[in-house]
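A.B. asks: Per our numbering, numbering through the sequence shown is continuous, rising by one, with the last residue being 217.
We treat Cβ as the ideally placed atom computed from N, Cα and C, and that holds for glycine.
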Amino acid sequence: MTRRVAACLLISVFLSDPAFAREKFSGTVTRVTDGDTATIATDSGKVTCRLYGIDAPETAKRGKPGQPYADEAKVALAGLIKGQVVEVETTGAKTYRREVCRIRRDGLDVNLAMVQKGFAWAYVEYLKRPHASIYIDAEREAQKQRLGIWTEYKPLPPWEFRARQRQRL
Numbered sequence: 049m050t051r052r053v054a055a056c057l058l059i060s061v062f063l064s065d066p067a068f069a070r071e072k073f074s075g076t077v078t079r080v081t082d083g084d085t086a087t088i089a090t091d092s093g094k095v096t097c098r099l100y101g102i103d104a105p106e107t108a109k110r111g112k113p114g115q116p117y118a119d120e121a122k123v124a125l126a127g128l129i130k131g132q133v134v135e136v137e138t139t140g141a142k143t144y145r146r147e148v149c150r151i152r153r154d155g156l157d158v159n160l161a162m163v164q165k166g167f168a169w170a171y172v173e174y175l176k177r178p179h180a181s182i183y184i185d186a187e188r189e190a191q192k193q194r195l196g197i198w199t200e201y202k203p204l205p206p207w208e209f210r211a212r213q214r215q216r217l
């Protein structure tokens, strides 16, 4: 294989990796739906973002109960970004009509901050390098400090909570 072909393959791998941005833009956060979803108003419209690499406790929906710390996670995210101008990097992935995004406010990695403050899990199933080790380390530190969700004894991760909810149907 020539160097040129190898370089093209390497570039295509990087470009297809959801950890790398597809689009960058800034806007004002107009709504925080829960601990890992926000709506950003831009010059060209509104974008609903699902925060990349994290999973916050599930909120109550359609008469179904939510998880402990769901409301606190929503308040924490709102405190970090609601009404603020943020920088957004989309990954190119979508989930439930939401763009999967990394959000920064004044240089702060908001996604990571939610894990550091104990209001979200590192969503290991979807994390890619270089974010995986950083987010996992942040989660371990929040556990050690017993912050947010980690004040609970063995808190149930949202992906397991959702699976149990589906089984009950």
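DSSP state of Gly111, grouped into three classes?
C.D. replies: Three-state result, Gly111: coil.
A.B. asks: Rounded to the nearest angstrom, what separates Glu147 and Thr96 at their Cα positions?
C.D. replies: Glu147 and Thr96: Cα-Cα distance of roughly 6 Å.
A.B. asks: When you compare the CB positions of Arg212 and Glu106, do they come within less than 8 Å of one another, or not?
C.D. replies: Going by C-beta atoms, Arg212 is not nearer than 8 Å to Glu106.
A.B. asks: Report yes if the CB atom of Gly75 is closer than 8 Å to the CB atom of Leu125, and no otherwise.
C.D. replies: Against a cut-off of 8 Å, the Cβ pair of Leu125 and Gly75 comes out as no contact.
A.B. asks: How is Ser74 classed by DSSP in three states: helix, strand or coil?
C.D. replies: Reduced to three states, the DSSP call for Ser74 is strand.
A.B. asks: Taking Ala104 as part of the alpha helix (DSSP H), name the residues at either end of that continuous run.
C.D. replies: Taken as a continuous stretch (DSSP letters only), Ala104 belongs to no alpha helix (DSSP H), as it is neither H nor E.
A.B. asks: Is Lys130 helix, strand or coil when you go by DSSP?
C.D. replies: Coil.
A.B. asks: Among Tyr117, Trp207, Pro178, Arg110, which one has its Cα closest to the Cα of Trp198?
C.D. replies: The shortest Cα separation from Trp198 among Tyr117, Trp207, Pro178, Arg110 belongs to Tyr117.
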